[in-house]
Amino acid sequence: MTDLQGYLPESLINEVVYEAQRDILYKAFAYLKSQNFIKEVSKRLSNIIYLEGDIIYDHEFPSDKLYVLLEGKLHVLGYE
């Protein structure tokens with residue numbers, strides 16, 4: 674498959690990404706009621722698939738990421 678990103682204007686790419694993720698983001702940030710905020714967040718998102726048993730965050734390694742769970746279950750484990 675050809676990578677079309679190099680041929681499309683950035684504004685069009687941003688709009689396509691926004692449209693693809695809009696419903697998810699509006700649910701996650703419904704309390705903000707800000708289309709501009711949702712558009713800015715959509716520019717910074719990436720989709721990652723985790724498998725059962727994967728660790729997505731460890732409290733010993735601070736992160737500047739926001740995780741949005743779309744499907745499945747998440748187990749939060751306390752300090753041991």
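Heads up, the sequence shown is in the working numbering, so the first residue is 674 and it goes up one at a time.
C-beta: ideal position from N, C-alpha, C; glycine also.
Start-to-end residues for the alpha helix (DSSP H) that takes in residue i
i    : result
I615 : In the structure as shown, the chain starts at 674 and stops at 753, and residue 615 therefore has no counterpart that could be examined.
F710 : 708-717
For residue j and residue i, believed in contact at Cβ under 8 Å, the rounded distance
i    : j    : result
A701 : V749 : Incorrect: roughly 18 Å between the Cβ atoms, too far for contact.
(message) So, does the stretch 677-694 touch the stretch 703-721, judging by three or more C-beta pairs under 8 Å?
(response) Between the stretch 677-694 and the stretch 703-721, the count of C-beta pairs closer than 8 Å reaches three or more; the two stretches touch.
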